[in-house]
Each structure stands twice: as C-alpha cells, then as structure tokens.
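For the first sequence, the residue numbers in my numbering are 41 to 915. The beta carbon of each residue, even a glycine, is placed where N, CA and C say it ideally should be. Heads up, the thing below is written out as structure tokens.
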Amino acid sequence: MAELLEKNYDPKSFEDRIYQNWCEKGYFKPDTVGDKPSFTIVIPPPNITGQLHMGHALDNTLQDILVRYKRMRGFCTLWLPGTDHASIATEAKIVEAMRKEGLSKEDVGREGFLERAWKWKEQYGGRIISQLKKMGSSCDWSRERFTMDEGCSKAVKEVFVRLYEKGLIYRGERIINWCPHCLTSISDAEVEYEDQAGHFWHLRYPFKDGSGYLELATTRPETLLGDTAVAVNPKDERYKDAVGKTVILPLVGREIPVVADDYVEMDFGTGVVKITPAHDPNDFEVGKRHDLPIINCMTEDAKITEEFPAYAGMDRYAARKAIVADLEKEGFLIKTEDYSHNVGTCYRCGTTVEPRVSMQWFVKMEPLAKPAIEAVESGDIRFIPDRFSKNYFHWMRNIRDWCISRQLWWGHRIPAFFCDDCGEMIVTKENHAECPHCHKPMRQDPDTLDTWFSSALWPFSTLGWPEETEDLKRFYPTSTLVTGYDIITFWVSRMIFSGLEYMGEKPFHDVLIHGLVRDAKGRKMSKSLGNGIDPLLIIDQYGADALRFALASNNSPGNDMRFSDERIESARNFANKIWNAARYILMNLKVKTVSDPATLSGLAIEDKWVLTKFNRVCREVSENLDRYELGVALAKLYDFIWDVFCDWYIELVKPRLFDEDCPTRDAAQNTLAFVFTSTLKLLHPFMPFITEEIWQKFPHEGESIMISAWPEAREDLNFPAEEESLEKIIAVIVAIRNRRNEMNVPASKKVPIYIETEAQKDFEESTAFLMRLAGAGEVHFDRDFDPEKSVAIATDAASVFIPLLELLDPVAEKARLESEKEKTLCEIERIVAKLSNEQFVSKAPEKVVNGEKDKLKAYQNALENILSTYQKLFS
RNA sequence: GGAGGUAUAGCUCAGCUGGUUAGAGCAUUCGCUUGACGUGCGAAAGGUCUUGGGUUCGAAUCCCUAUGCCUCCACCA
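Now the structure itself:
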C-alpha cells in the first residue's frame with residue numbers, strides 16, 4: 041500500500057481544513073433527536089476586547105475535552121459559546137482610542153459613543169471567536185450569544201424589575217470606591233490593594249475652650265477639609281475628658297465634636313482619629329452612628345471643590361502638599377513620619393481609588409445568599425476540587441450588598457425613570473416611560489449596570505429565559521462550569537444565587553476550577569511584565585493539538601501550571617510519535633477492513649497482551665475523565681501509546697508483519713489497527729485534529745471520529761494469563777539489554793543465550809522476541825554451555841546465561857551477583873518480617889497480605905536463580 | 001489581621017479513599033543510521049518524600065507543630 045502520510049507531522053496542513061469540515065457537517069450541534077441525557081457547558085464568555093491568552097486556551101481546552109468526551113459517550117451535548125460586553129474594560133479601550141483622535145466621550149455624545157462601541161464589538165468580538173475556533177473548540181456556533189444581545193438584555197431588564205418589585209434592589213447613598221480616572225464607581229472586588237510609600241502626618245487639633253489640643257495622625261491631610269468630628273475609643277482613659285468637647289478644625293476653622301467610637305484602636309497612632317465621612321468608608325460608618333454631617337470636599341475627578349477657595353481646583357495630591365505646607369506654617373503640624381500603607385487602586389487603570397459618597401443602586405444580598413450557601417452545603421452544587429467551596433462560603437457568609445450601578449455608557453442601562461417635574465421614580469421594562477402623575481416623558485437613569493449583572497444570568501439568559509424555550513427545558517440546569525479560581529466570587533457565586541432565584545434551580549451541578557497558567561519561572565503572565573505567551577503563535581509553530589496537550593497534561597484541578605518551551609516541544613514530539621506510528625501501521629496494513637479481534641482466529645500472545653493493556657487504559661481514561669482528572673487520564677494514554685503500544689507492541693509484532701507466509705499476519709494487522717484506532721478515539725477529546733486526520737486514513741465506519749462511539753473495556757478481550765506470561769519475557773528482554781549495555785556489547789552483536797526456567801513453553805514460543813529485541817543470535821534451553829565462561833542474568837522467572845568469554849570479568853561478575861543476592865535478601869528479610877508480624881497478618885486486609893506473599897515468592901525465585909547461577913559459575 | 005493552598009529526583013510535576021522496590025517528562029551521562037519516528041531507539045545515574053511530634057500492624061499519603069513559598073479576603077486612621 042502506498043505511503044499515505046508524510047514523514048513528519050505537519051499540523052498546519054490539516055487543522056483548519058478539518059475544523060471547517062466539522063462545522064459544515066454540523067457535528068457541534070446537539071443531537072436533540074430522541075431523549076438522550078443532555079450534557080451542557082456554557083462558556084465563560086471572553087471579553088470582546090480581548091485576545092486569546094493562555095488562560096482562555098486552558099479554560100477552553102478543558103471544556104472541549106469534556107464536551108467531546110460526553111458527545112462520544114452519546115450525550116445530547118451542547119457547548120454554548122458567546123462573548124461578554126465587559127463594560128468598564130471595553131469603554132476604557134474605546135475612550136482611549138478616541139483620545140488618540142482627539143475626541144472625548146462628551147464630544148461624541150452618548151448616542152455617538154454607543155455607535156462606536158457597537159462597531160468596536162463587531163470588529164473585535166469576532167476576533168476572539170475565530171481564535172477559539174483555532175483551538176478546535178467544538179462549540180455550537182449557531183447558538184452563539186452576547187451579553188448585550190436582545191435576549192440577554194431582555195433577561196437583564198426582567199431580573200432588575202423583579203428584584204426591584206421584591207424590594208431586593210434599592211437606591212441609596214453609600215460610600216463607594218470611585219475611580220477618578222474612569223469616572224465611575226467600581227465594586228469592592230474591582231479594587232486592588234498595593235503597598236505605597238506615604239507619610240504619616242501628626243496634627244494638632246486645638247480645643248475650642250483653649251484647654252490644649254488633641255494630637256492625631258493622618259495619611260491623607262487633604263481630607264481634613266471634610267472632617268466633621270474627631271473620634272477616640274470610649275475605653276481610652278487618656279481621652280475620657282475630651283469626649284463631648286469641641287475642637288477647631290485647622291485651616292478651616294470649623295467647630296467639630298469629639299466623639300467616642302469603638303472603631304478607634306487605642307494602641308494605634310495616638311488613639312485619636314479624624315473623621316471624614318465623605319472620604320473614608322470607615323469614617324462614613326462612624327458618621328452614620330453619630331449622625332455627623334457629610335462634607336464632600338472633592339469633585340468627581342478628585343479635585344478640591346469650590347467650597348474651599350484656597351485649594352479649589354487643586355488635584356488631591358497638589359492639595360495635600362499645599363495643605364501640609366499651610367499646616368506647618370500655622371503651627372498645626374507636629375511631625376511627619378514615613379509610612380507605608382495599603383492603598384486601593386482601580387484594577388483597570390491603576391489610579392488610586394477615592395472613596396466617594398454618592399447615590400447608587402444596590403442589590404440586597406442577604407436573602408439571595410442564603411439559598412446559594414445551602415445549595416453548595418447540600419452538595420447540589422459541587423466544586424472540584426472541593427476546597428474552593430470554602431472560599432465560596434467565606435465570601436457568601438460575609439457578603440455585603442452589591443453595588444450594581446456604574447457611571448458608564450457601554451452596558452445595560454438601568455431601567456429606572458425619573459420625572460423632573462414631580463420627582464417620581466419608576467422601574468419598568470419599557471424603553472420609555474411616562475410619569476404616572478404628570479403624564480410627561482420621564483428621564484432614564486443615565487447609569488448602566490455592572491457587567492457581572494448580566495454575566496450572572498448567563499446560564500439561562502443564553503438558553504432563552506425569560507421565554508420558556510425548548511433549549512431551556514432541555515439544557516438547564518447545565519452540567520459543568522469550567523473556570524479559574526480568580527472569578528469564583530465575581531461570577532460563579534453570582535450565577536448561583538441568580539439561578540436559584542429566577543429559575544428556582546441551580547445553574548450547574550459541577551464547578552471545575554482550574555489554576556492560572558504561569559510562565560516558565562512561575563510568574564503570572566501579564567502585559568506589564570511582557571512575559572505572556574501568545575497561544576496563537578504556539579498553534580502556528582506547533583499546532584493546536586500540541587498546545588492542548590501541553591495544557592491538559594500534568595494539569596490537576598485547582599492548581600496553577602507553568603508553561604514552557606520544553607513542555608510544548610514534548611507535546612509536539614508526542615504528536616509526531618503518533619503520526620509515525622500511524623504511518624508505520626498504514627504501510628503494513630494489507631487488510632481492507634478492520635475486524636473486531638474477538639472474531640479473529642490466530643491471536644498471538646502479544647495481541648492478547650496489548651488488548652488486555654488497552655482494556656485497562658480504556659477504563660482508566662474514562663474513570664479519570666469522569667472524575668475531572670483530565671491530566672491523569674491523558675498521562676495514562678501517553679504511557680500506553682508510547683511505552684506499551686509503540687515501544688513494545690509494534691516491535692513485538694514486526695516479525696509477523698515481515699513474514700508474508702505467517703498464518704497470523706492478518707490477525708497482527710487487525711489487532712494493530714483495532715487497538716490503534718480505538719486508542720485514537722480515547723485521545724480524540726484531547727487532540728482532536730491529529731486523531732481525525734489519521735482516523736480518516738484507516739479503514740473506518742462513520743464520517744468522523746468525533747461522532748464515533750467511545751470505546752468500552754471488554755471482558756471478551758481480556759487475557760490476564762497471556763499478559764502475565766508475556767510480562768515475564770519482557771522482564772528477561774529488559775534484563776538482557778541491561779547487561780549488554782553495562783558490558784558495552786554493541787547492539788549489532790548477536791549472542792547465543794541459554795535459558796533455564798519453569799515457564800519454558802512461554803519462552804520457546806517467544807524466541808523471535810528474544811532474537812529481535814534482546815540481540816539473541818540463538819536461544820537454547822539446554823545446558824550445553826560452559827558456565828564459567830558465561831554472563832549470568834537472573835529474573836524472578838528465569839536464569840539466563842550468555843557465553844561471552846571475551847567480555848567476561850569473573851571478579852566483577854562475582855561481585856555483581858553477590859550484590860544482587862544481598863539486595864534480594866534484604867527484600868526477602870523485609871517481607872518475612874512483615875509476614876511474621878502477627879499484628880500485620882491479623883489486621884491487614886487479606887488482599888494486602890496475599891500481595892506480600894506473592895512478592896515474597898517472586899523474590900525467592902529470583903534468589904534461587906541468583907544462587908544457582910552463582911554456583912554454576914564459581915563453585 | 002483572617003482564610004486557603006503548597007513543600008516529593010537538577011527543573012516541572014504525578015502519586016486518588018494509608019500497604020508500589022516512591023513514578024513520569026525535561027535536563028544530564030553512556031551506547032545505537034535496529035527495514036515508522038534522531039521530534040527517534042536502548043540503557044544509566046539521580047530522592048533521609050521541608051522540620052519535629054502523633055495515630056496505625058503499616059505513613060510520601062491521615063492529624064498536630066514549626067518554617068519557606070504562593071493565593072484569596074479584610075484593611076488600622
């Protein structure tokens with residue numbers, strides 16, 4: 041048969057072609073005919089602004105493995121793809137792009153801005169989708185969704201209105217994290233803390249009655265403009281008398297009270313704190329408790345307001361300098377210390393956040409959190425690995441109300457309307473509202489919703505909710521969510537309470553958590569470090585299968601992994617190995633169809649051996665996939681393919697392939713092809729392209745490997761006795777190779793070998809193996825050799841002698857045998873001690889005890905062989 | 001400050017619910033144009049499983065302690 045495959049694996053020559061074919065055939069669509077159980081994954085929607093990075097590559101590889109596995113297993117399988125509008129990130133990018141044109145948001149107006157944003161979405165939203173396709177992702181693209189498409193938007197409005205009517209959404213004045221650069225509120229979770237070098241300014245706040253002053257320290261002297269009290273701990277003896285008195289605010293001259301509050305820690309600083317409710321979250325709380333006025337001294341871009349003419353218009357840092365200078369000039373500054381402290385920054389732009397009091401929309405979390413906690417407690421929702429449920433509980437049990445309004449334009453606009461005449465406010469799904477009192481058009485709230493508000497609905501909004509669709513009935517709840525641990529709180533937890541609240545049912549059963557992909561040195565990949573590895577470049581160089589292999593192998597749930605050149609190279613080498621195995625089998629495959637080995641006559645021992653091994657790996661792969669141990673499953677396959685199938689089985693079967701008159705030649709070809717194509721099926725979820733390309737070249741039934749049936753382990757193809765027999769031969773081959781290597785016998789040198797064994801029959805049938813794989817010239821079972829001039833090898837099944845006079849060093853040989861004897865004796869001693877321990881024998885399970893007995897027997901056999909060899913050589 | 005993870009060969013990691021002679025890949029060393037593959041084949045060397053206790057007939061594995069590294073949460077003016 042003509043050579044069908046190129047010598048080297050070249051993924052570029054087939055990956056795109058194969059993917060396109062899968063799409064055209066519609067294999068990615070769920071087969072909804074009949075009532076097969078469904079398996080559903082909704083994709084964690086990537087940002088439309090985003091480019092595929094290693095995190096996506098990992099996330100999607102894992103999802104695709106699960107989906108392809110379940111599809112082959114016969115599930116009605118849906119992997120639903122889509123993208124996220126990512127309000128703050130996208131808006132920032134668009135603003136940035138406009139800035140380069142010299143335009144601002146205000147210049148183009150809300151309408152104009154949104155027009156640009158949608159154009160942006162059209163332009164870049166498709167980019168990441170095409171990148172996912174490059175990876176081989178078997179998503180049903182006909183069901184692709186976007187968090188701001190019509191359906192999702194409808195779901196968002198529905199949810200908002202329902203929650204509002206239930207009293208779970210409210211509007212309130214709160215101190216929130218404000219980014220003075222992005223000009224929007226950001227949620228607690230979006231704040232990143234970093235250590236910053238700063239100062240601790242010790243200030244003097246004089247009492248109004250002239251009886252001295254209070255000393256306090258602050259890191260933010262500019263907020264003093266907004267101070268409305270000074271606080272001490274009620275238990276603090278030092279300041280007992282001060283409580284209730286009035287102090288004069290330096291520079292401003294305002295009279296403010298001294299209050300007592302537990303929030304103040306006595307042993308930190310001077311034990312006195314200035315209270316600025318408008319500019320510090322803790323102070324805000326203290327202010328509420330003591331009914332203090334809120335004086336906002338900063339504009340939304342963090343400049344001092346007009347109310348303080350001396351500093352008006354100054355940026356907060358400029359104002360800090362000016363105020364410190366003035367304090368010093370007027371004698372209020374006692375001292376300045378260096379001080380390093382944690383400062384919150386905007387996760388998007390890095391600007392230091394400014395706590396700011398403003399009117400925002402909130403979701404009341406407590407009633408929603410309760411069932412969400414129970415769902416995980418009861419096991420209805422399961423985290424893999426389980427430890428992440430602890431993170432989840434911790435967050436859920438300490439949950440605070442969720443600030444959902446954002447001062448952005450790109451996003452779902454809050455469906456609330458205000459009447460400028462009478463101040464009426466209504467919440468409605470309608471796009472326009474008329475004031476129920478004044479009958480005039482109302483003004484819609486300008487704010488939009490937090491991106492995660494729509495992502496939280498993703499598992500059901502994408503299936504058609506609030507309509508009662510067929511998809512919703514069939515695919516909700518979804519089966520498994522695959523995502524990184526970094527967004528458990530942002531996203532996973534919010535989907536859980538949302539699903540329970542609106543659907544009355546969990547959004548998914550299993551949450552498979554994976555770690556981060558780090559660089560070769562273990563650092564997080566980031567733009568600023570420039571250590572990111574572009575998956576597309578990797579695909580271009582090594583192929584998508586190699587990338588997928590590199591990501592899936594050695595990956596265990598929840599743990600970070602490192603990505604390196606060596607890793608991807610070994611992945612590519614593995615693909616090349618498979619390629620060449622296929623090439624070789626095809627070269628030797630004369631049969632036109634591949635029959636089931638159970639129907640074959642003339643199965644040889646090595647055929648039965650490999651079938652038995654295949655059965656095992658088949659079971660192991662399925663089991664580990666079911667347990668989400670994808671890395672383990674892949675490792676088992678790797679070992680089977682490389683070590684068992686290529687290095688042993690192909691080598692063992694070669695003599696039969698070369699011998700045109702061999703009666704079992706067809707059986708050999710058949711078994712080769714059967715085991716190999718079955719193995720390709722097991723490998724397909726991990727490496728879809730190469731397995732398809734090769735499978736198509738083999739005799740096959742059906743159109744594609746991706747819709748073929750998953751192999752099952754089969755009792756009728758299980759031959760433990762033959763497996764064990766061949767293992768004995770293999771052990772001898774390995775031992776002979778070993779000795780030859782030690783003694784520098786060239787591989788080309790054929791040597792006669794003499795074997796003494798109880799399993800002589802097995803060895804007699806295997807002389808071809810010994811000749812081929814152990815460099816035996818002749819194999820004898822008699823004793824017609826001179827022991828004194830022979831190299832001896834002992835395994836637990838046989839003693840082997842090689843008359844190699846010229847290589848024999850009797851002294852070394854003696855020493856070697858003695859050391860082997862010692863080692864074996866040690867092992868025997870260990871096991872004997874174990875077995876004579878009554879506690880062990882009585883308490884250990886029978887299986888373990890018998891295992892030890894078997895081991896002992898093997899060692900004793902080996903020892904016997906060593907001793908008899910020794911005797912022959914040196915007695 | 002609170003919580004969690006992790007510590008196994010030079011490097012990256014497996015080792016599941018305790019019983020293996022503690023494994024793999026890469027790197028290293030040695031030997032090979034063995035009729036698929038040098039992106040390969042055959043072999044070797046390399047580990048007191050971080051410390052100290054405990055449970056057990058038996059611990060890399062379970063519990064406690066210490067230490068290192070990583071992550072998340074909270075945030076002290």
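Inclusion of Glu198 and Lys469 in the CB contact set at 8 Å is warranted, their separation being smaller than that value. Its chain contains Val881 as the residues whose beta carbon lies nearer than 7 Å to that of Val889, once the 5 sequence neighbours on both sides are disregarded; these appear in chain order. Within the region 161-187, no run of beta strand (DSSP E) at least 3 residues long lies entirely inside it. In this structure, the beta-carbon distance from His549 to Thr376 does not fall below 8 Å.
Within the same chain, and ignoring the five residues on either side of Pro476 in sequence, the residues whose Cβ sits closer than 8 Å to its Cβ are Glu464, Ile466.
For Leu256, the pairing in a beta bridge is given by DSSP as Leu243. Secondary structure of Arg150 (DSSP, three-state): helix. Comparing alpha carbon positions, the residue from Pro455, Glu190, Asp99 closest to Ala473 is Pro455. Bounds of any beta strand (DSSP E) do not take in His125, whose DSSP letter is neither H nor E. Annotation for Gly891: the continuous alpha helix (DSSP H) segment containing it runs 886-914.
With a cut-off of 8 Å on Cβ pairs, the region 399-412 is in contact with the region 201-215, counting three or more such pairs. Taking 8 Å as the cut-off, the beta carbon of Asp281 is found no closer than this to the beta carbon of Gly311.
Cβ atoms of Leu766 and Leu92 stay farther apart than 8 Å, at about 46 Å. In this structure, DSSP gives Glu232 an extended state, which the three-state scheme calls strand.
With contacts defined by Cβ atoms closer than 8 Å, Arg602 and Asp574 do not form a contacting pair. Bridge pairing for His554: Gly524 [DSSP]. Secondary structure at Gly817: strand, using DSSP grouped into helix, strand and coil.
Looking at the backbone, the Cα of Ile536 and that of Ala496 are separated by about 8 Å. For the 8 Å CB-CB criterion, Ile608 and Phe716 do not form a contact. Rounded to the nearest whole angstrom, the C-alpha separation of Glu798 and Met783 is 27 Å. In the three-state scheme derived from DSSP, where H, G and I count as helix and E and B as strand, Gly95 is classed as helix. Ranked by Cα distance from Arg388, the first of Pro246, Cys219, Ala837, Gln103 is Cys219.
The beta carbon of Arg111 sits closer than 6 Å to those of Thr117, all from its chain and outside the five residues before and after it, given in chain order.
The continuous alpha helix (DSSP H) containing Leu367 extends over residues 356-369.
Between the alpha carbons of Glu805 and Trp682 lies a distance of about 25 Å.
Collapsing the DSSP output to three states places Asn217 in a strand.
Bridge partners of Phe654 according to DSSP: none are assigned. Look at Asp50 here: in three-state DSSP terms it is coil, with no helix or strand label.
Taking each of Leu697, Asn664, Ala615, Lys564 in turn and checking the Cα distance to Leu629, the smallest one comes out for Leu697. By the beta-carbon neighbour count (other beta carbons within 10 angstroms, threshold 16), Pro486 is exposed. In the three-state reduction of the DSSP assignment, Asp487 falls in the coil class. Annotation for Phe458: the continuous beta strand (DSSP E) segment containing it runs 456-458. Exposed is the label assigned to Gln879, since fewer than 16 other Cβ atoms lie within 10 Å of its Cβ. Between the region 812-823 and the region 847-866, the count of Cβ pairs shorter than 8 Å is below three; the stretches do not touch. Arg437 sits close to Ile413, with the two beta carbons spaced by under 8 Å.
Rounded to whole angstroms, Ser501 and Ala195 show a C-alpha spacing of 6 Å.
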